[in-house]
Structure formats: C-alpha cells, structure tokens
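Novice:
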Amino acid sequence: MPQLLIEFLSEEIPARMQKRAEEDLARALGEKLKAAGLGERAIKTFSSPRRIGAVIDDLAAKAADVNEEKKGPRVGAPDQAIQGFLKSAGLASIDQAQVVEDKKGAFYVARIARAGRETSAILQEIVPEIVRGFPWPKSMRSGEGDLQWVRPLQNILCIFAGAPVKIAVDAVPSEAQTWGHRFHAPDAIRPKDFADYAAKLRAAKVEIDREARKAAILESARRLCAEKKLELVEDVGLLEEVAGLVEWPVVLLGDMDPAFLDLPGEVIRLSMRTHQKYFAVRDPRTQKLAPHFVVVANVEAKDGGKAIAAGNARVLSARLNDARFFWDTDRKTPLYTDARRDKLKQIVFHQKLGSVWDKVERMKALAVELCAVTGADVALVERAAELCKMDLVTETVGEFPELQGQIGRALAEISSEPSPPLRGRGQGEGGRANTQAPDVSARPPPPAPAPQGGGGGESVAAAIEDHYRPLGPNDRVPSDPVAITLALADKLDTLASFWVINERPTGSSDPYALRRAALGAVRIMLQANNRLSVVALYKNWERRHWVAGSKSSSDIQEFLGKEILVFLADRLKVQLRDQGKRHDLVDAVFALGDDDLVRIVARV
Numbered sequence: 144m145p146q147l148l149i150e151f152l153s154e155e156i157p158a159r160m161q162k163r164a165e166e167d168l169a170r171a172l173g174e175k176l177k178a179a180g181l182g183e184r185a186i187k188t189f190s191s192p193r194r195i196g197a198v199i200d201d202l203a204a205k206a207a208d209v210n211e212e213k214k215g216p217r218v219g220a221p222d223q224a225i226q227g228f229l230k231s232a233g234l235a236s237i238d239q240a241q242v243v244e245d246k247k248g249a250f251y252v253a254r255i256a257r258a259g260r261e262t263s264a265i266l267q268e269i270v271p272e273i274v275r276g277f278p279w280p281k282s283m284r285s286g287e288g289d290l291q292w293v294r295p296l297q298n299i300l301c302i303f304a305g306a307p308v309k310i311a312v313d314a315v316p317s318e319a320q321t322w323g324h325r326f327h328a329p330d331a332i333r334p335k336d337f338a339d340y341a342a343k344l345r346a347a348k349v350e351i352d353r354e355a356r357k358a359a360i361l362e363s364a365r366r367l368c369a370e371k372k373l374e375l376v377e378d379v380g381l382l383e384e385v386a387g388l389v390e391w392p393v394v395l396l397g398d399m400d401p402a403f404l405d406l407p408g409e410v411i412r413l414s415m416r417t418h419q420k421y422f423a424v425r426d427p428r429t430q431k432l433a434p435h436f437v438v439v440a441n442v443e444a445k446d447g448g449k450a451i452a453a454g455n456a457r458v459l460s461a462r463l464n465d466a467r468f469f470w471d472t473d474r475k476t477p478l479y480t481d482a483r484r485d486k487l488k489q490i491v492f493h494q495k496l497g498s499v500w501d502k503v504e505r506m507k508a509l510a511v512e513l514c515a516v517t518g519a520d521v522a523l524v525e526r527a528a529e530l531c532k533m534d535l536v537t538e539t540v541g542e543f544p545e546l547q548g549q550i551g552r553a554l555a556e557i558s559s560e561p562s563p564p565l566r567g568r569g570q571g572e573g574g575r576a577n578t579q580a581p582d583v584s585a586r587p588p589p590p591a592p593a594p595q596g597g598g599g600g601e602s603v604a605a606a607i608e609d610h611y612r613p614l615g616p617n618d619r620v621p622s623d624p625v626a627i628t629l630a631l632a633d634k635l636d637t638l639a640s641f642w643v644i645n646e647r648p649t650g651s652s653d654p655y656a657l658r659r660a661a662l663g664a665v666r667i668m669l670q671a672n673n674r675l676s677v678v679a680l681y682k683n684w685e686r687r688h689w690v691a692g693s694k695s696s697s698d699i700q701e702f703l704g705k706e707i708l709v710f711l712a713d714r715l716k717v718q719l720r721d722q723g724k725r726h727d728l729v730d731a732v733f734a735l736g737d738d739d740l741v742r743i744v745a746r747v
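Quick note: the sequence shown uses the working numbering, first residue 144, plus one each step.
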C-alpha cells in the first residue's frame, strides 16, 4: 500500500519539547485519518533539532466508500421539515427518498452512497488543521500571517505514494524537498520515500532517529573514556537532552584544571550538567571524578575538535571558578552558626506554619519521640535536626538549589561537627529530650545498636543529606537509624502541618507534594520495619505546639489520628499495587482498627 511521509522543517526546536511533539503528532494524525475514513494505521514519528515528522507505510489510496441510511420526517409532514431533510441528505426531490413503515407509521429514508475521497485531498485538508492546532507548550508567530509554531516554520514536506502533495498553510513553503546539516550539507534534498529520505539525510550529516543518536553518543563517549582508562558517568536524562540538541553528534573528550577536584563532586557534576550539558568522567579505580569531561558537538571540525574542546574547557573553568567562590565562602564557617539560624527564621516555610526554623523545631521534637521506634541515638538525632536545613542559606545552595542536603553533608564533614557521647537509645536514658515522650512504638524498643565510628558524626552528616529521601518512587530510602528518624520526622511533620491548615491534596492538585511525603514515609517504615503507632504519635500534638491555636486538642487528635492514617493507607495500597501484591485487602485489614502499617502488610 502507498506510503505517507510528512516533515515539518523549522528553526531549532527546544530539546525538551521534541519527544512530546512526536507523541502529539502521532495522536493528531491518527485521529484525523481515522475520522476521514482511512482507518487506524501504525504511525512512526521522528524528530531532530530542526524537524519533526511522521511516516505511515500502509495508508490506503482513498478512503472507504460510505453507504449511509438517513431517517427523515413522517409521510405527510410539513413542507418545511421535508425541505430540511432533502437539504441535509443531499437529495433533489422527495421522490429520491424511500418510504419505510414501522409501528409508528410511514416515514422517509434517504439511502446515500458516498464514494471515498482521495487520500491526497484528505491530507491537504487535515495537515493544515494539525499545524494550526498543534499543542506546543510555547509557540511564536513569524511572518505576516497568524500561524503559531514553536519556531519559524520553513517548509512542509508531504509525499504520498511517491508523489508530492502541496500543503497550504499561510505563506509557508510546501516543497518536495528538505535540507541537510546547516553547515556540512546545506543544499536541498529531494527524497522519493522515507527510506530514501533517511538515507539522503544521513549522507547529509543528519540522523533523524533519536535512539540512534543516543546510541552513537553513548558508544563514542564510552570508547573515548576507555582509551584514557577512564569511565563515563552515565546520565539518562542528560543523554536524552543532548540527543535533542544535535543532528549529527560528534563526541569529544575535554580536559579541566585538576585543581577544581577539591570542590564537592556534585557541584562539579551539576555545573557540567545544568549549565554546559557535559558528561562527567571518573577514575574507575577510585570512583572519584577525573579532570575531564565529555562534550557533544554538532559539527565535524577540521582539527578533530581540539578548538571546540578547548573552548568548552574555558567556559567550564569560568563556571567552576564561580562555584569555588561560593564553596570557599561557605566552608569558612561551621555548618551551624547563629547567623544561619537567624536567616532560617526569616524564611517563611508557609504563611500559616511559620518559618523554616519553626519547622526544624517541630521536626526535632517529633524525631526525639521517634527514637523509641527507630533505635536511633537521641543526641545524634537532635544535632542532625538542628543542622539539616542549615545549608538552605549557604551561598552554594543559593546557586545550586538541587544540592540541598548534599552541601549540608559536605559542610558537616569538613566542619568536624562534635559528636556528642552516645546516650541510651529509644527511651532517652540519661537524656532530657525524651523523658516526657509518649510510647509511640507498636512493639518493645529494639536493643541499642553498636556505636558508630567517630562517635556518630558520620550518621549526623548522612542524615543531613538523606532526610529528604526518598525523592521519588525509584529513589533509595535511608538506612542509618539517625537518617531514618529524621526523614520520618520531616515527612510526618509536613503531613500533619498541612492537614491542620486544611491544605490537602485534591484530585490532581498536590502543590506541597504531600502524596510523595506520605509514600516516602510508608516506604521508610516498611523497609526499616518500624512498628509505629500513627495514632499514638499524633496524640502529643498540643504539647509540641506545631500550629498554635489552630484547633482544639480533641479536634487535632481526631483528624490526625484518623485522616492521616487513611491517607498513609492509601499510599500503602499504591506501594503494594506497584509491587504486584493484593492491595485490595488493605481496607479489610485496616478496618480491624490497626494503625501499624508493618503489621497490616504482614497480614495482607
């Protein structure tokens, strides 16, 4: 059957929009072809920085003939009704209609036979509709018309059954040709079909297959690194983005000043990834970053890319010098300072929930109570809570917000935070903070774990980074008792606080990521086997003054003890469903009044 090839050639399409645009094109083209009587067909789409297109290999030459039966008015109906029927059915006179009788009487019926339209004519009608209605996240006007496209549209190529089809959209050209690489092969190309199109573009230094570009980048980068006995730090998201920035990927290995390696590794990686779209490189023997980077160019330079690599190295040096300034400024002082604490007091966490420091105080109180369940050392948990948000006001996190927690950990490690002597765990033996805490455990406290090396300083530093985890359904959960305790406190405080001020998820709206917080808490409790009584935990709400004066003590206990537990149970069902387990039994076990999620899962 005939083949259809469509290409929309434009200026550079943002990389983040290309994959979604392919999906939108396939959906729009499929829907309109089906509505036109051409049935459902397999549609293959493709994209590169300058083009988006589709190919269908088995499209009929014309739409199917249509035999339609249209029911009209009853015999003897007013002339006005009959004339309206004739017009809608396309009949010249009522004699062309047939009379059919049923139990309600006789009425007119028009039997209409419509020949299927030529596919080329259908394309001339639906392609302009697709162009004008294309759902780009952002679009722009160009020229004198009102057409909007993501970037100025330069040509619409449409070939059906080996013949060009002219598409009329404002003043946009519709030539049976396309163009290759902007620098290497700027001349026009006249393809016959898709195979010819792809081959000629490849010869003109354009690879239209996104997956082929990704594979080429990955293979070349691995090879270049292996030649230097190095290892590529692979990044799926960056690979997807870079594949959308180049039509003909040329991978180069660049060098950077080894002096920058004293920066935290994540600062270097983020500078490379976010600002420059470079891949980091590491030494496979030490697993530490090496003074090199991988950059993907869009041209084959005559000097083998030396000038390109050198230019990118200069730009990276400027970026890393900025990062070094921020980092050097931050590490001049310990992580905890009164000045940083005062800054946290000035940052509003939420208008109704106080400052970020207010949240830290709530987390600290809640974390101490959780020590009875997690077996963490109370003193270490208190110190980790005081430090966990300090890096939010550092210069480095101000420049790289994605590194919150990681910078805090790095600063804690180099600040030589004093590790307090280990106290009794769980029940706060010898420690003041937990003497009044209620028993929130659903089993006897576990035996005290062996002291960590260095008095627990490593646990404090790790907890600063890991208390944000898990960041998503595939992210790891904390494993150290201090980190587990702080992560649970952070998430359970967030849930309760927003519940009190009636900021709860509704439908698809979840602006404060409460579903993610709940699922994270569920995952932590299940993986660490934390037998926590949720109802007992929240009964101490008024004493902690989480949200002063928001509700009476009885009201708070009522909805915190029930509604948040229901919300956690819903997230538990999501977790079990994703694991292929019987999530439908959770409600049955939950109805027995148990609020220990670990025990609920065991019963299911």
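Beta carbons are placed, not taken as given, at the ideal position from N, Cα and C, and that holds for glycine.
Quick check on DSSP: helix, strand or coil for R257?
Specialist: One-based indexing of the sequence shown puts residue 257 at position 114. Here R257 sits in strand by DSSP.
Novice: Note down the Cα distance separating I627 from Q718, rounded to an integer number of angstroms.
Specialist: As a working mapping, residue 627 is identified with position 484 in the sequence shown. As a working mapping, residue 718 is identified with position 575 in the sequence shown. Near 19 Å, if we compare the C-alpha coordinates of Q718 and I627.
Novice: Shortest alpha-carbon distance to E211 belongs to which of A240, F337, G723 and R714?
Specialist: For the purposes of this step, residue 211 is taken as the residue at position 68 of the sequence shown. Answer by Cα proximity: A240.
Novice: Near E409, what residues of its chain come up, given a Cβ to Cβ distance below 7 Å and the 5 sequence neighbours on each side ignored?
Specialist: Taking the first residue of the sequence shown as 1, we reach residue 409 at position 266. The residues are L546 and Q549.
Novice: With C-beta atoms as the reference, is W322 less than 8 Å away from L152?
Specialist: As a first step, residue 322 must be located in the sequence shown, where it is residue number 179. As a first step, residue 152 must be located in the sequence shown, where it is residue number 9. Yes, the pair counts as a contact, with Cβ atoms nearer than the cut-off.
Novice: Could you work out which residue in V458, M160 and L148 is closest to K187 when comparing CA atoms only?
Specialist: Walking along the sequence shown from the start, residue 187 turns up at place 44. The shortest C-alpha separation from K187 is found at L148.
Novice: Where in the region 614 to 697 do unbroken runs of the alpha helix (DSSP H), each at least 4 residues long, occur, reported from the N-terminal end onward?
Specialist: 624 to 643, 657 to 671, 677 to 681 and 684 to 687
Novice: On the premise that L478 lies in contact with S602, defined as a C-beta separation below 8 Å, what is that separation, rounded to the nearest angstrom?
Specialist: Along the sequence shown, one-based indexing puts residue 602 at 459. Along the sequence shown, one-based indexing puts residue 478 at 335. That belief does not hold up - the Cβ atoms of S602 and L478 are roughly 15 Å apart, past 8 Å.
Novice: Would you mind sorting S622 into buried or exposed? The rule is 16 or more other CB atoms within 10 Å of its CB.
Specialist: The residue given as residue 622 occupies position 479 in the sequence shown. It is exposed - the Cβ of S622 has fewer than 16 other Cβ atoms within 10 Å.
Novice: What separation, rounded to the nearest whole angstrom, lies between the Cα atoms of R647 and E525?
Specialist: By 1-based counting over the sequence shown, the position of residue 647 is 504. By 1-based counting over the sequence shown, the position of residue 525 is 382. Their Cα atoms are separated by approximately 29 Å.
Novice: Under a three-way DSSP split, which group does E150 fall into?
Specialist: Taking the sequence shown and counting its residues from 1, the one referred to as residue 150 is at position 7. Three-state DSSP puts E150 in a strand.
Novice: Identify which residue in V389, K175 and D289 has its Cα closest to the Cα of D312.
Specialist: Within the sequence shown, residue 312 is the residue found at index 169, counting from 1. Looking at the sequence itself, residue 312 is Val, so the reference to Asp does not match. Among V389, K175 and D289, the Cα nearest to that of V312 belongs to D289.
Novice: Return yes when the Cβ of V439 is within less than 8 Å of the Cβ of L396, no when it is not.
Specialist: For the purposes of this step, residue 396 is identified with residue 253 of the sequence shown, where counting begins at 1. For the purposes of this step, residue 439 is identified with residue 296 of the sequence shown, where counting begins at 1. No, the Cβ-Cβ distance between L396 and V439 is not below 8 Å.
Novice: From P392 to D721, what distance separates their C-alpha atoms?
Specialist: In the sequence shown, the residue the question calls residue 392 occupies position 249. In the sequence shown, the residue the question calls residue 721 occupies position 578. Spanning the two alpha carbons is a distance of roughly 37 Å.
Novice: The alpha helix (DSSP H) with C514 in it runs from where to where?
Specialist: Position 371 of the sequence shown, counted from the first residue, corresponds to residue 514. Taken as a continuous stretch (DSSP letters only), the alpha helix (DSSP H) holding C514 covers V499 to T517.
Novice: Quick one: what does DSSP say H418 is sitting in, helix, strand or coil?
Specialist: In the sequence shown, the residue the question calls residue 418 occupies position 275. Reduced to three states, the DSSP call for H418 is helix.
Novice: Can you name, in chain order, every residue of its own chain whose Cβ lies under 8 Å from the Cβ of V625, other than the five neighbours on each side?
Specialist: As a working note, residue 625 is residue 482 in the sequence shown. So the qualifying residues of the chain are A519, D520, L523, V524, A527, G599, S602, V603, A605 and A606.
Novice: Skipping 5 residues on each side, what residues in its chain have a beta carbon closer than 8 Å to that of F189?
Specialist: To locate residue 189, count along the sequence shown from 1; it is residue 46. Around F189, the same chain offers E165, I195, G196, A197, V198, I351, D352 and R353 as residues with beta carbons nearer than 8 Å, after the five sequence neighbours per side are excluded.
Novice: In whole angstroms, what separates the C-alpha of V209 from that of I265?
Specialist: The sequence position of residue 209 within the sequence shown is 66, counting from 1. The sequence position of residue 265 within the sequence shown is 122, counting from 1. Roughly 15 Å separates the two Cα atoms.
Novice: Closest to R428 by C-alpha separation, out of L373, E377 and E390, would be which residue?
Specialist: Along the sequence shown, one-based indexing puts residue 428 at 285. Among L373, E377 and E390, the Cα nearest to that of R428 is on L373.
Novice: What first and last residue would you give for the alpha helix (DSSP H) that runs through L262?
Specialist: Here residue 262 refers to the residue found at position 119 when the sequence shown is read from its first residue. One detail in the question is off: residue 262 reads as Thr in this sequence, not Leu. Here the alpha helix (DSSP H) through T262 covers T262 to R275.
Novice: Taking all protein chains shown into account, do 16 or more other C-beta atoms lie within 10 angstroms of the C-beta of V181, making it buried, or fewer, making it exposed?
Specialist: As a first step, residue 181 is located in the sequence shown; it is residue number 38 there, counting from the start. A quick correction: the sequence has Leu, not Val, at residue 181. Buried, since its Cβ has 16 or more Cβ neighbours within 10 Å.
Novice: Roughly how many whole angstroms lie between the Cα atoms of R612 and L662?
Specialist: Walking along the sequence shown from the start, residue 612 turns up at place 469. Walking along the sequence shown from the start, residue 662 turns up at place 519. So the alpha carbons of these two residues sit roughly 11 Å apart.
Novice: So, with DSSP's three-state summary, where would you put A580?
Specialist: In the sequence shown, the residue the question calls residue 580 occupies position 437. Any reading at A580 must be qualified, since the residue scores a pLDDT of 40, below 50, and its modelled position is unreliable; the value itself is stated next. In the structure shown, A580 sits in coil (DSSP, three-state: anything other than H, G, I, E or B).
Novice: Rounded to whole angstroms, what is the Cα-Cα separation between K495 and K502?
Specialist: Taking the sequence shown and counting its residues from 1, the one referred to as residue 495 is at position 352. Taking the sequence shown and counting its residues from 1, the one referred to as residue 502 is at position 359. The alpha-carbon atoms of K495 and K502 are separated by roughly 12 Å.
Novice: Leaving aside the five residues before and after A328 along the sequence, list all residues of the same chain whose C-beta is less than 7 Å from its C-beta, in chain order.
Specialist: Sequence index remark: in the sequence shown, residue 328 carries index 185 (1-based). The residues are A347 and K348.
Novice: Just to confirm my understanding: we take A402, look at its own chain, exclude 5 residues before and 5 after, and list those with CB closer than 7 Å. What are they?
Specialist: Translated into positions along the sequence shown, residue 402 becomes position 259. The answer is none, since no qualifying residue turns up.
Novice: Rank F303, L535, K634 and A745 by C-alpha distance to the C-alpha of F710 and give the top, closest one.
Specialist: One-based indexing of the sequence shown puts residue 710 at position 567. Taking only the C-alpha atoms, the option nearest F710 is K634.
Novice: Is it buried or exposed, L614, if we count other Cβ atoms within 10 angstroms and call 16 or more buried?
Specialist: For the purposes of this step, residue 614 is identified with residue 471 of the sequence shown, where counting begins at 1. So L614 ends up on the exposed side.
Novice: Using only the alpha-carbon positions, how far apart do V741 and L669 sit?
Specialist: Taking the first residue of the sequence shown as position 1, residue 741 is located at position 598. Taking the first residue of the sequence shown as position 1, residue 669 is located at position 526. Cα to Cα, V741 sits roughly 6 Å from L669.
Novice: Pull the bridge partners of R217 from the DSSP assignment, please.
Specialist: In the sequence shown, residue 217 corresponds to position 74, counting from 1. Bridge partners of R217: F250.
Novice: If you compare alpha carbons, which of Y421, C368, G551 and G248 is closest to I451?
Specialist: What you label residue 451 is simply residue 308 of the sequence shown in a count that begins at 1. For the residues Y421, C368, G551 and G248, the minimum Cα distance to I451 belongs to Y421.
Novice: What does a CB cutoff of less than 6 Å around A510 pick up in its chain, not counting 5 residues either side in sequence?
Specialist: As a first step, residue 510 must be located in the sequence shown, where it is residue number 367. So the qualifying residues of the chain are V524, A528, T628, L629 and A632.
Novice: Note down the Cα distance separating M415 from D473, rounded to an integer number of angstroms.
Specialist: As a working mapping, residue 415 is identified with position 272 in the sequence shown. As a working mapping, residue 473 is identified with position 330 in the sequence shown. Cα-Cα distance, rounded: 21 Å.
Novice: Could you give the first and the last residue of the continuous alpha helix (DSSP H) run that contains V410?
Specialist: As a working mapping, residue 410 is identified with position 267 in the sequence shown. Its alpha helix (DSSP H) spans residues G408 to L413.
Novice: Under 8 Å between the Cβ atoms of K281 and V270?
Specialist: In the sequence shown, counting from the first residue as 1, residue 281 sits at position 138. In the sequence shown, counting from the first residue as 1, residue 270 sits at position 127. Going by C-beta atoms, K281 is not nearer than 8 Å to V270.
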